[in-house]
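Engineer: In my numbering, the protein residues as written are 19 to 359.
Sharing a structure with you now.
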């Protein structure tokens, strides 16, 4: 059936869902592939999420906006202050809630938007028709509520400049959040990147589907008619004042877990164990290369944490003992990983 109009010149809702249906079928296939791979080795429930990007951003694909302009990272708290000054967010809100608000108002944060609605991801993949777009289908083994005390403590620690204990590769996935109308409309969640530098998401967590540029216009028409997915619905509160805040910011110079170095190591070990188990398409040599790089990065992280300690501190011997213990633990853990490859 083709598109048509009724006597009031309105689009019919019994339109045949041709192009959208074919792409949703492809998305379903990738979901089934990722779930089968996960459940083959794990009993825990996996979280499926999606993201649409209008073209191949190459090295910056799946990269949060703040990492594309590295100087902005040191001004992260200033962005919150600007939004509070303009009364777009409340001063007494939690830090993680402030970050969520600024991401959805100005698209500036260390978080990557994802959606739990495949049709919404398809819409964003079609936001321009000059290039082929992509829908990313994610499968994550662990995720958090953005309202948990652990996540708030985790992010607050990041904002304490020189007191950062977080390991830059330990990204966190946030499940559904409904803090504003736009997030509700987009069925939104986030992937949170904790470091001062960006570490790409390993390919074992996702599959990518290409959206042909010649299909984009038809896809947008079908999404509007069948799912009522359109710009007005997905962006219900676009405000001119956001542009002012963003300009000022760019120009101005200004889980129930305890966040510790050990907890960061445990989080890292869980991630590495999962990634090793999911590396079905990588040979032994490349797995060992991957482990050597992970170990090198982790040792560097530990050394940086202990460089902050006062050499004249009364607790120096205790600190040195903890440092030696952590290094020994890392060496043993990676010896084990390499022995099972």
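Beta carbons: idealized from backbone N, C-alpha and C, even for Gly.
May I ask which residues mark the beginning and end of the alpha helix (DSSP H) holding residue 118?
Structural biologist: That run of the alpha helix (DSSP H) goes 113–124.
Engineer: Can you look up residue 342 in the DSSP assignment and give me helix, strand or coil?
Structural biologist: The answer is helix: DSSP assigns residue 342 an H, G or I state.
Engineer: State yes or no: is the C-beta of residue 157 within less than 8 Å of the C-beta of residue 60?
Structural biologist: Contact flag unset, no.
Engineer: Between which two residues does the beta strand (DSSP E) harbouring residue 133 extend?
Structural biologist: Unbroken beta strand (DSSP E) run through residue 133: 129–133.
Engineer: So is residue 188 buried or exposed if we call it buried at 16+ other beta carbons inside 10 Å?
Structural biologist: Residue 188 should be labelled buried.
Engineer: Give the straight-line distance between the Cα atoms of residue 185 and residue 278, rounded to the nearest whole angstrom.
Structural biologist: The alpha-carbon atoms of residue 185 and residue 278 are separated by roughly 10 Å.
Engineer: What are the start and end residues of the beta strand (DSSP E) that includes residue 228?
Structural biologist: From DSSP, the beta strand (DSSP E) with residue 228 extends over 224–229.
Engineer: If you draw a straight line from the C-alpha of residue 149 to the C-alpha of residue 138, how long is it?
Structural biologist: Rounded to the nearest angstrom, the two C-alpha atoms are 18 Å apart.
Engineer: Return the residue from the list 57, 349, 143, 294 that minimises the CA-CA distance to residue 320.
Structural biologist: Out of 57, 349, 143, 294, 349 has the C-alpha closest to the C-alpha of residue 320.
Engineer: DSSP state of residue 57, grouped into three classes?
Structural biologist: Three-state result, residue 57: helix.
Engineer: With 16 as the cutoff for other CB atoms within 10 Å, does residue 228 come out buried or exposed?
Structural biologist: Per the 10 Å Cβ criterion, exposed.
Engineer: Ordered along the chain, which non-local residues of its own chain (more than five positions away) have a Cβ less than 6 Å from that of residue 161?
Structural biologist: 65, 191, 193, listed in sequence order.
Engineer: How is residue 144 classed by DSSP in three states: helix, strand or coil?
Structural biologist: Three-state result, residue 144: coil.
Engineer: Would you say residue 306 and residue 244 are within 8 Å of each other, going by their C-beta atoms?
Structural biologist: No, the Cβ-Cβ distance between residue 306 and residue 244 is not below 8 Å.
Engineer: With 16 other CB atoms within 10 Å as the buried threshold, where does residue 41 fall?
Structural biologist: Result: buried.
Engineer: Residue 47 to residue 87, Cα distance in whole Å?
Structural biologist: Their Cα atoms are separated by approximately 36 Å.
Engineer: With 16 other CB atoms within 10 Å as the buried threshold, where does residue 288 fall?
Structural biologist: Flag for residue 288 reads exposed.
Engineer: Does DSSP put residue 247 in a helix, a strand or coil?
Structural biologist: Note: residue 247 maps to coil in three-state DSSP.
Engineer: Comparing C-alpha positions only, which one of 172, 96, 78, 130 sits nearest to residue 285?
Structural biologist: Selected option, being the one with the closest Cα: 172.
Engineer: Between which two residues does the beta strand (DSSP E) containing residue 190 stretch?
Structural biologist: Segment 190–192, the beta strand (DSSP E) holding residue 190.
Engineer: I want to know whether the segment 68–83 touches the segment 93–100 - three or more CB-CB distances under 8 Å.
Structural biologist: No, the segment 68–83 is not in contact with the segment 93–100.
Engineer: How about the segment 113–121 and the segment 47–58: do they share at least three Cβ pairs that are nearer than 8 Å?
Structural biologist: Touching, no.
Engineer: Is it right to say residue 141 is buried, meaning 16 or more other beta carbons lie within 10 angstroms of its own, or is it exposed?
Structural biologist: That one is buried.
Engineer: Could you name the residues that DSSP lists as bridge partners for residue 207?
Structural biologist: In DSSP, residue 207 forms a bridge with 132.
Engineer: Measuring straight from C-alpha to C-alpha, what distance separates residue 79 and residue 252?
Structural biologist: Answer to the nearest angstrom: the Cα atoms are 22 Å apart.
Engineer: Between residue 159 and residue 246, is the Cβ-Cβ spacing less than 8 Å?
Structural biologist: Their beta carbons are not under 8 Å apart, which means residue 159 does not touch residue 246 by this criterion.
Engineer: Between the C-alpha atoms of residue 268 and residue 126, what's the straight-line distance to the nearest angstrom?
Structural biologist: Answer to the nearest angstrom: the Cα atoms are 10 Å apart.
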